[in-house]
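The listed protein sequences derive, respectively, from chains A and B.
Quick note: the first sequence uses this note's numbering, first residue 3, plus one each step.
Quick note: the second sequence uses this note's numbering, first residue 3, plus one each step.
2 protein chains.
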Amino acid sequence: MRSRRQFLQRISASALMLPALPALGYNVVSPSPGTGAPVLRVALMGLGGYATRVAEAMRDCKRARITGLISGTPAKLKEWQKKYNVPEKSCYNYDNFDNIRNNPDIDAVYIITPNALHAEQAIRVAAAGKHVICEKPMAINAAEGQSMVDACAKAGVKLLVGYRMRFEPHTLEVVRMREEGVLGKIKFFQGLSGFRIGNPNQWRLDKKLAGGGALMDIGIYAVNGARYMVGEDPLWVTAQETKTDPSKFGEGVDETITFQLGFPGGAMASCLSTYNMSNLDRFFLNGEKGFAELHPATGYGPIKGRSHQGEMSFPHIAHQTIQMDEMAAIILDGKKPVLPVDGQSAVVDLKILDGIYRAVREGGKVSLQ
Amino acid sequence: MRSRRQFLQRISASALMLPALPALGYNVVSPSPGTGAPVLRVALMGLGGYATRVAEAMRDCKRARITGLISGTPAKLKEWQKKYNVPEKSCYNYDNFDNIRNNPDIDAVYIITPNALHAEQAIRVAAAGKHVICEKPMAINAAEGQSMVDACAKAGVKLLVGYRMRFEPHTLEVVRMREEGVLGKIKFFQGLSGFRIGNPNQWRLDKKLAGGGALMDIGIYAVNGARYMVGEDPLWVTAQETKTDPSKFGEGVDETITFQLGFPGGAMASCLSTYNMSNLDRFFLNGEKGFAELHPATGYGPIKGRSHQGEMSFPHIAHQTIQMDEMAAIILDGKKPVLPVDGQSAVVDLKILDGIYRAVREGGKVSLQ
């Protein structure tokens, strides 16, 4: 229990102040009313389905609040403005959001737009002097991602990527077990990430906006998961593509890819990325002393975990609530999270995605070094 | 329930006559005492650990009996002769077992020797006019395997391979679900097959006797499993090898290989073969309408199965008991099993193993056609 408490203390106290938690005996530190820690004031860019989920989850945040909105649809802005109590002066469209530089009520912009737009938008946000939070994938290739990192560094703003699982309790418990040697030397990771995508007309199936297919959107969970589960970055990748429905999954939009990663310590990862299967979302980490499983592993929850020691039991908190409170602490307090969510770390994922696509094209092993 | 009963009727009635079964309401047909179906009289060749398991399981067989023994160790022959009540005249060594041709009390020889010896031994058994049952892998490559098939065809004897899982109830239930469309079109199979091998001096780690490493011995379960789970034979294979302990796993003895198979219907398989991990033995089959899991999938049992419809519950019967009763029916009655176990089908596995080793060497996709 000592270890579990220690691990939970690494999540900011604010994220733990939800009603369900004190019952579990967590060491909850309550800031004095009115004298709490500063709050991150966030503008959401792109008011689609996932932004709706983020906005709803942020209602429970202690340290992050929606104070701005950016959308290309005036009617949406109107609706959200009212719903989240955002003043007219903090609403922008894609033409004028550079003016956010003059808005003292916004600290950061959370970019939740189609993948291929992230880089240009993030660079504009950075130029406006605001911190950038960007949904995954941060960009559609590593070069673009690096340009975002460079722009944010130059502007002196932080760049964080919306890897919500990197704050999720079951996930962090597996990380703790690995770090403390409970699993022994890590030998194998398996990540099966995918779902059956619906509407064939959505941007996720448009190469120009998505930058790819399932790998960009859902396969990246297995890529990112392989890194935080194994605890290393891979040295090489091999990959194989199958496309069973070329009418739905057009040129450059991958339906199903299996890929394998080799790690410095000798571990291997074997992963599946698909837009055309249900029943997945399974992580399995195998070490010399034991194993851990997450299933579901990366869905919106509840996540379920078990290991050779038995079932895990952590309360479900909306991932986006924890993420935004944690990101507030990272940006405002300089907090170092258990698992990094900065742009430079996200570029590693993009290099792996680049490598997977190259391995599919070339057929051999692609070095990631 | 209709389907489950039908499926169980496909297993020979004899294999179902164990005490635990009638309680489940299976349709058990009992042959009249004394007028039962003919019995397959089997000589066991190679009296090691697995032969011991087979011999013990055969005590419960209704249609197979040990009537001969072949070993290079006189003391073992003495001990087994007594234990299994085998007359002196039906005991042979590796020099004189060709004389089995003159033994009217032996119908078949079950070869349970190191992999690299199977081909020569099987060909000698066939030349002696006896049916051949051979432990898996049937041989150390497809060419050798084909030579065994040809020799048995020429001699007019049957050649069966000890794929015990092909008679196992949970396994056959998944096959039934797939065949009846309960899982929908098959998209993905995952087979994680491996264990941590102990004694570094055993023949399984000797390239000359084993013909390879983990892939030959345990990875073949995932290879064979991929075929009976997906219900097709693969078109191509890719593979990646990792060796973390070169002192234990020498030249030509694979420790850990991941491999992928592509099937005609568009399904993919992603598999792991290893001699250096615990917590494996997991099969996962994913279709458009549902999934099925076996875990453990290929151990000596009990096997555990579940699907999107829930847990499976079949009684545990020693796999070798069912296998030998079924093989008796195949050899003596010409029964067609649900899943073939003949030599020609086993050659397909060997072609895949050859392809995996080639893919490891060459790094690209290897066609299996």
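Glycine included, each C-beta is placed from N, C-alpha and C at the ideal position.
The C-beta of Q192 (chain B) comes closer than 9 Å to at least one C-beta of chain A.
Put simply, the CB of R284 (chain A) is near chain B, with a gap under 9 Å to one of its CB atoms. Taking all protein chains shown into account, Q262 (chain A) has 16 or more neighbouring C-beta atoms within 10 Å of its C-beta and is therefore buried. Burial is judged here by how many other beta carbons sit within 10 angstroms of a residue's own beta carbon; N203 (chain B) has fewer than 16 and is exposed. The residue among A:S315, A:P139, A:A128 with its C-alpha nearest the C-alpha of K156 (chain A) is A:A128. With fewer than 16 other Cβ atoms from the protein chains shown falling within 10 Å of its own Cβ, S315 (chain A) counts as exposed. At the C-beta level, E170 (chain B) and G303 (chain B) come within 9 Å of one another. A distance below 6 Å between beta-carbons, with the five flanking residues on each side excluded, links T244 (chain A) to the following residues of its chain, in chain order: T258.
Here the stretch 36-50 of chain B lies against the stretch 62-70 of chain B, with 3 or more beta-carbon pairs under 8 Å apart.
Per DSSP, the continuous alpha helix (DSSP H) segment holding M60 (chain B) begins and ends at 51-60.
Taking the Cα of Y112 (chain B) as reference, the smallest distance to any Cα among B:Y277, B:P248, B:A124 is reached at B:A124. For F293 (chain A), the closest Cβ of chain B is nearer than 9 Å.
In its chain, beyond the 5 residues on either side, L71, S73, C93 have a beta carbon closer than 6 Å to the beta carbon of L79 (chain A). The residues F191, A228, L263, in chain order, have a CB closer than 6 Å to that of A271 (chain A) in the same chain once the five nearest residues on each side in sequence are set aside.
DSSP, reduced to helix, strand and coil, places M218 (chain A) within a helical segment of the structure shown. D107 (chain B) sits in coil when the DSSP states are folded into three classes, being neither helix nor strand. Per DSSP, reduced to three states, the secondary structure at N288 (chain B) is strand. Between the C-alpha atoms of D97 (chain B) and S280 (chain B) there is a straight-line separation of about 39 Å.
Annotated three-state conformation of K189 (chain B) is strand, per DSSP. Counting only Cβ-Cβ distances below 8 Å, K156 (chain B) has no contacts in chain A at all, with the closest Cβ about 40 Å away. Looking at B:E234, B:G131, B:A348, the one whose alpha-carbon comes closest to that of I222 (chain B) is B:A348. Just measuring C-alpha positions, the residue of B:I220, B:E290, B:V134, B:G147 sitting nearest L162 (chain B) is B:V134. Between the alpha carbons of K160 (chain A) and R180 (chain A) lies a distance of about 29 Å.
Under the 10 Å beta carbon count, A53 (chain B) is surrounded by 16 or more other beta carbons and is classified as buried. Pairing L174 (chain A) with I305 (chain A), the inter-Cα distance amounts to about 12 Å. Within a 10 Å sphere around the beta-carbon of G147 (chain A) sit 16 or more other beta-carbons, which makes this residue buried.
For V134 (chain B), the enclosing beta strand (DSSP E) stretches over residues 133-136.
For D351 (chain B), the closest alpha carbon among the candidates B:A121, B:A144, B:E364 is that of B:A144. From the beta-carbon of G268 (chain A), the residues of chain B found nearer than 7 Å are T244, T246. For S249 (chain B), no CB of chain A lies under 9 Å from its own CB, so it is not counted at the interface with that chain. Here I114 (chain B) has G48, Y52, A53, E137 as same chain residues with Cβ atoms under 6 Å from its own Cβ, once five neighbours each way along the sequence are excluded.
Here Q371 (chain A) is exposed: its Cβ has fewer than 16 other Cβ atoms, across all protein chains shown, within 10 Å. Scanning chain A for C-beta atoms nearer than 8 Å to the C-beta of K367 (chain B) yields Q242, G365, reported in chain order. For the stretch 301-313 of chain A, the set of positions with a beta-carbon nearer than 9 Å to some beta-carbon of chain B reads H310 in chain order. Of the other Cβ atoms in all chains shown, 16 or more fall within 10 Å of the Cβ of N226 (chain B); this residue is therefore buried. The beta strand (DSSP E) runs lying completely inside the stretch 143-199 of chain B and spanning 3 residues or more are 161-163, 188-196, given in chain order.
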